[in-house]
Amino acid sequence: MSHILYAALFGALIGSFLNVIIYRLPRIMAGDKLTLSWPGSHCPHCKTKIRIYHNIPLISWLCLKGQCYQCQQPVHWRYPLVELLTAIMFALVIAKHGITLQSLSDLLLLCFLIPLFFIDLETQLLPNKLTYPLLLCALMLAGSRSGHVDFTHSCFAASLGFGLPWLLNLFYQWRHGRAGMGMGDMKLFAGVGAWLGYEALLHIMLLASLLAITTTLLFLRQKRHEAFPFGPYLIGATWVVFLSL
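Per my numbering, the sequence shown starts with residue 669, numbered consecutively.
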């Protein structure tokens with residue numbers, strides 16, 4: 669039981685770093701002069717440097733009542749949510765598989781998917797700086813026999829993950845004169861396929877499509893030609909299939 673608790677605590681710490689990626693990576697891509705490590709953590713409103721004891725995952729947010737200690741401006745709800753989500757996902761993986769090379773590689777997958785989920789949700793971007801390393805890590809793990817599938821299977825699933833959506837998008841573009849899916853989604857499909865294999869990939873494709881159609885039509889009232897981020901549905905479907913493996 670203790671190892672599950674430690675996994676959750678470690679997950680919360682990792683979640684704090686994932687928040688940095690979620691906030692800063694889109695701004696770096698937009699040309700802002702900052703890196704993932706510079707400048708240090710600070711309030712986006714008053715620019716006050718955040719002290720170490722005000723930067724404890726979850727606890728600091730609760731103690732400060734979700735506000736900056738200096739200017740009392742609200743701290744975005746995403747910060748504690750990402751920390752909590754990462755803690756829960758880490759605990760679930762370790763509870764299910766124990767501390768093994770397989771479970772550690774699965775935790776690495778989560779560290780890619782969580783920032784991709786929130787970045788796409790906020791910006792409709794799936795950065796190459798995350799999707800390419802996701803694919804590369806999946807192929808390397810498969811090649812070292814530390815992944816869910818062998819290298820040949822991983823390569824085939826990656827090709828299928830990119831190629832099938834690309835062909836469908838090509839047909840959609842021919843019929844409607846515009847793209848129906850972004851290249852980032854195709855790269856993410858490729859990475860997920862390389863990581864989990866083609867059988868899991870096909871389930872993810874079907875579930876992601878159903879989630880997107882249901883949500884956009886019934887809840888978001890999305891207009892027919894209005895663009896929306898597909899990545900969160902793809903990643904949500906990946907989590908469901910991943911946890912069922």
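Every residue gets a Cβ at the ideal spot worked out from N, C-alpha and C, and that includes glycine.
Note that the structure is a prediction, hence the values are computed from the model and not measured.
With 16 other Cβ atoms within 10 Å as the buried cut-off, status of residue i
| i | result |
| --- | --- |
| His722 | buried |
| Cys731 | exposed |
| Thr768 | exposed |
| Ser670 | exposed |
| Pro801 | exposed |
| Ile787 | buried |
| Gly845 | exposed |
| Phe830 | buried |
| Gly699 | exposed |
| Leu874 | exposed |
| Leu777 | buried |
Spatial neighbours of residue i in its chain, beta-carbon cut-off 6 angstroms, leaving aside the 5 residues before and after
| i | result |
| --- | --- |
| His713 | Cys739, Gln741 |
| Ala825 | Gly861, Ala862, Gly865, Tyr866, Leu869 |
| Tyr747 | Asn687 |
| Ala675 | Phe758, Ala759, Ile762 |
| Cys779 | none |
Beta-carbon proximity check, residue i vs residue j, cutoff 8 angstroms
| i | j | result |
| --- | --- | --- |
| Pro694 | Thr820 | no |
| Leu836 | Thr799 | no |
| Cys823 | Leu809 | no |
| Leu789 | Asp853 | no |
| Val909 | Ile881 | no |
| Leu911 | Ala876 | no |
| Phe896 | Thr906 | no |
Contact belief for residue i with residue j at Cβ below 8 angstroms, rounded distance in angstroms
| i | j | result |
| --- | --- | --- |
| Leu879 | Gly904 | 6 angstroms |
| Leu804 | Gly899 | Contact flag wrong, Cβ pair sits at about 19 angstroms. |
| Ile689 | Leu704 | 7 angstroms |
Same chain, Cβ closer than 8 angstroms to residue i, five either side skipped, listed in chain order
| i | result |
| --- | --- |
| Gly683 | Pro725, Val750, Glu751, Leu752, Leu753, Thr754, Ala755, Ile782 |
| Gly766 | His671 |
| Ala847 | Asn837, Tyr840, Gln841 |
| Gln735 | Gln741, Pro742, Val743 |
| Leu913 | His816, Leu864, Ala868 |
Proximal residues to residue i (C-beta, below 7 angstroms), its chain only, five neighbours per side dropped
| i | result |
| --- | --- |
| Trp729 | Val743, Tyr747, Pro748 |
| Gly708 | Lys717 |
| Arg692 | Leu702, Leu704 |
| Leu828 | Gly861, Tyr866, Leu869 |
| Gly679 | Thr754, Ala755, Met757, Phe758, Ala759 |
| Met849 | Pro833, Asn837, Phe898 |
| His710 | Thr716, Lys717, Ile718 |
| Leu681 | Pro725 |
- Any contact of the stretch 761-777 with the stretch 804-819, i.e. 3+ C-beta pairs under 8 angstroms? For the pair of segments examined, the stretch 761-777 was found to touch the stretch 804-819: the number of CB pairs separated by less than 8 angstroms reaches three.
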